[in-house]
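Shown next, in structure tokens, is the structure this report addresses.
Numbering (this note's numbering), first residue to last: 1 to 709.
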């Protein structure tokens, strides 16, 4: 008899677990897997939809890109596309489905040339990357020693010197500092060998400390020197990065290398990254600079919506790990964009491959709670709310979007196919009047309840619903195991907000001439912007004068609503959506011109000409915003999982739930990154699958019967 596995949720972690558990014929013969998912689509926070009412446009939860060091996530994509056979699809391999993004922009607020106020200036960079493609070969942690990383950091500091070569007052101390760093890798290599043989030799430690002291003296001399009347921008930025590099290097040596654990980032998890940099010599202004703020924006590292405030806190261990990976471990490009929606590119192929492998999907099944067995050692029941009745035996979730070249892309719609639901049209009207969807925690729509029982409906459970839902779904578990209560208390989450704009002109017309970019560290609440204009080709926006010519995604943290309204307050989601719309309009009026200088007429001081927004209905003024897309990610399962200082120790491992038949998947479990991202989620899902495979291995395949002679 097969082992029955119930997978709850359908984000990156849950789908990675399902993919790994069905990777071979032996595993498929061993496991009977069913995925239970509320609503009509897969993807969790990565779910996207096609809006048939708006030119089949893509609507996302936010801006999704993969970083060039996301090896687990890219391997999942690569293996899925190798197996997925759809001759009508435009993307036949994972290389077809993604595109490199080399340009990254930090937004800096600096004094105007006339010293009358401040202005925003873009800091455009194209980081160096490793050869190859993400997901191929070994990662930084697997393939590169800390000696290699020190050499890489040394080269990085030298590069900052080269950027400032035209200033002799900066060049000399930078080169002198580089000469000191040049000695560090060789010393570490010898120290590592001696440590293995006879203990750590303090003379090597002393030599390295001498080099660090030289770096600090260089910084002090730079600060003491009379500043030029107008320091050239490349020089100022090179000096800033140099100072940050020195502080990070000193902290790395002191807190990790001297403790003989150079890649154990948990050693500094208890410190805030900015505080850690200040501890090792960074001045407060540098710690608040655009490159550091960018890391806080990347991780939505704030509970009040402002990544520059005192409430913005991010683990030094996570930030430093991510920073090293971005600088030295990205393959092909620092970032990779999807050539369609994340749901189109990742979750539609995964769904079709998993179905072909025999995985069953039950949509419109909302998990209400998990119950324990009397001895509290296992999950004994799963309470589900059945949201709708189907007109047929099985829900068919995908639609096909026809592209200009005749290819057809499997996609998820932005709402259910109401024709497949009993009384679907009446339900559509009811939910529209309420401002709700079947994915909302405030939507009480149901046609019945059901209980899955241990040894009848399931044997094992993979819990792949995000952390924000744990308190409401896992009450018995929190009472039975104090580690669960600690995790729910100490690992924080935050609401986010997203905005998508379709413009009637290329972005260059509005004054942005650097090319497609991912920009961050700008003004809240939409501090991050991604130029996603390549998606025009895969939407049906038309080609006329008013048709979309460019597409732009924005996102940022959304301050928490305290206290969170109860499920009975069905108007809450609509109110929050309207709040995000107001936030967007205010932000556009007050700050868009700082990002796109020609967004409004030259005589206007703020804002954007609303006619730049595409609107098939031809509305005027601010009303054209109604043709754009925005969302408030307020549902418990949509909340972004933070990496606040000291929280990593409370994350449970995928195979360490404390209950013998329960395994955990997602970016909220213990992984190498311990960060809210697709890479950590996929790793968490793979770890959950491996824990299942270890405890409940598939039966060995039966050798073939010899042919009769």
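For glycine and all other residues, C-beta sits at the position ideal for the given N, C-alpha and C.
Using 8 Å as the Cβ pair cut-off and three pairs as the minimum, do the region 14 to 28 and the region 660 to 668 touch?
Yes: the two stretches touch, three or more of their Cβ pairs being nearer than 8 Å.
Unbroken beta strand (DSSP E) run spanning residue 108, endpoints:
In the DSSP annotation of this structure, the continuous segment of the beta strand (DSSP E) that includes residue 108 starts and ends at 104 to 111.
Buried or exposed by the 16-neighbour rule on C-beta atoms within 10 Å, applied to residue 135:
Buried, by the Cβ-count rule.
Once you ignore the five residues that flank residue 290 on each side, which residues in its own chain have a CB closer than 7 Å to its CB?
So the list reads 106, 107, 108, 123 and 521, once near-sequence residues are dropped.
Helix, strand or coil for residue 555? Go by DSSP, reduced to three states.
Residue 555: strand per DSSP, three-state reduction.
How is residue 87 classed by DSSP in three states: helix, strand or coil?
Secondary structure at residue 87: coil, using DSSP grouped into helix, strand and coil.
Are residue 655 and residue 680 closer than 8 Å when you measure CB to CB?
Cβ atoms of residue 655 and residue 680: not closer than 8 Å.
Give every residue of the same chain whose Cβ lies closer than 6 Å to the Cβ of residue 20, excluding the five residues on either side of it in the sequence, and list them in chain order.
A distance below 6 Å between beta-carbons, with the five flanking residues on each side excluded, links residue 20 to the following residues of its chain, in chain order: 686 and 689.
Could you please give me the residues that DSSP links to residue 631 through a beta bridge?
In the DSSP assignment, residue 631 is bridged to 498.
With a threshold of 16 other CB atoms inside 10 Å of the CB of residue 116, please say whether the residue is buried or exposed.
Exposed.
C-alpha distance - residue 61 paired with residue 531, whole-angstrom precision
Near 16 Å, if we compare the C-alpha coordinates of residue 531 and residue 61.
With a floor of 3 residues, list each beta strand (DSSP E) that falls wholly inside the region 585 to 659, ordered by position along the chain.
Secondary structure in the region 585 to 659: the beta strand (DSSP E) runs of 3 residues or longer, each lying completely within the stretch, are 629 to 633 in chain order.
Measuring CB to CB, does residue 75 end up less than 8 Å from residue 330?
Not a contact, by the Cβ cut-off of 8 Å.
Assuming residue 636 contacts residue 627 (C-beta within less than 8 Å), just tell me the rounded distance between them.
The pair is not a contact, with the Cβ atoms about 30 Å apart (cut-off 8 Å).
With 16 other Cβ atoms within 10 Å as the buried cut-off, status of residue 196
Bear in mind that the predicted position of residue 196 carries a pLDDT of just 40, short of 50, making it unreliable; the figure below should be weighed with that in mind. Flag for residue 196 reads exposed.
Say whether the region 467 to 482 touches the region 22 to 36, bearing in mind that this needs 3 or more beta-carbon pairs closer than 8 Å, one atom from each stretch.
At 8 Å Cβ cutoff, the stretches do not touch.
For residue 446 and residue 366, I'd like the C-alpha separation in whole angstroms.
Going by the C-alpha atoms only, they are around 9 Å apart.
Segment contact flag, the region 399 to 410 with the region 374 to 387, C-beta cutoff 8 Å, min 3 pairs
Because the criterion of three Cβ pairs below 8 Å is not met, the region 399 to 410 and the region 374 to 387 do not touch.
Sorted by chain position, which residues of the same chain lie with C-beta nearer than 7 Å to residue 84's C-beta, five sequence neighbours on each side aside?
Scanning its chain for C-beta atoms nearer than 7 Å, with the 5 sequence neighbours on each side dropped, one finds around residue 84 the residues 349, 352 and 353, in chain order.
Could you pull out every residue in the same chain whose Cβ sits closer than 6 Å to the Cβ of residue 316, ignoring the five residues on either side in sequence?
Apart from the 5 residues on each side of it in sequence, residue 316 sits with its Cβ closer than 6 Å to the Cβ of 268, 271, 273 and 276 in its chain, given in chain order.
Enclosing beta strand (DSSP E) for residue 448 [first to last residue]:
Counting along the chain, the beta strand (DSSP E) containing residue 448 begins and ends at 448 to 453.
Which partner residues does residue 411 have in the DSSP bridge list?
Note: residue 411 sits in a beta bridge opposite 399.
Closest to residue 381 by C-alpha separation, out of 452, 246 and 425, would be which residue?
Minimum Cα distance to residue 381 is reached at 452.
Please name the residue in 78, 440, 514 and 460 whose C-alpha comes closest to that of residue 469.
Of the candidates 78, 440, 514 and 460, the one whose C-alpha sits nearest the C-alpha of residue 469 is 440.
Rounded straight-line distance, which links the Cα of residue 52 to that of residue 537:
Their backbone Cα atoms lie some 16 Å apart in a straight line.
Short Cβ contact (8 Å threshold) for residue 467 with residue 491:
The answer is yes: Cβ separation under 8 Å.
Beta-carbon proximity check, residue 625 vs residue 581, cutoff 8 Å:
The answer is yes: Cβ separation under 8 Å.
Give the straight-line distance between the Cα atoms of residue 362 and residue 390, rounded to the nearest whole angstrom.
Roughly 11 Å between the two C-alpha positions.
Where do the N-terminal and C-terminal ends of the alpha helix (DSSP H) with residue 96 fall, by residue?
DSSP places residue 96 in the uninterrupted alpha helix (DSSP H) bounded by 94 to 97.
Classification of residue 6 by the beta-carbon crowding that lies within 10 angstroms, buried from 16 upward
By the 10 Å Cβ count, residue 6 comes out buried.
Suppose the cutoff is 6 Å on Cβ atoms and the five residues either side in sequence are ignored; what does the same chain contact list for residue 647 look like?
In the same chain as residue 647, and ignoring 5 residues on each side of it, the C-beta atoms closer than 6 Å to its own belong to 490 and 491, in chain order.
Quick one: is residue 562 buried, meaning 16 or more other Cβ sit within 10 Å of its Cβ, or exposed?
It counts as exposed.
Would you identify the three-state DSSP class for residue 517, choosing helix, strand or coil?
Coil.
Name the DSSP beta bridge partners of residue 124, please?
Residue pairing by DSSP places residue 124 opposite 105 in a beta bridge.
Residue 309 versus residue 302: straight-line alpha-carbon distance, rounded:
C-alpha separation (whole angstroms): 8 Å.
By Cβ distance below 6 Å, which residues in the same chain neighbour residue 448 in space, the five residues on each side in sequence not counted?
For residue 448, where only same-chain residues beyond five positions count, the Cβ hits under 6 Å are 386.
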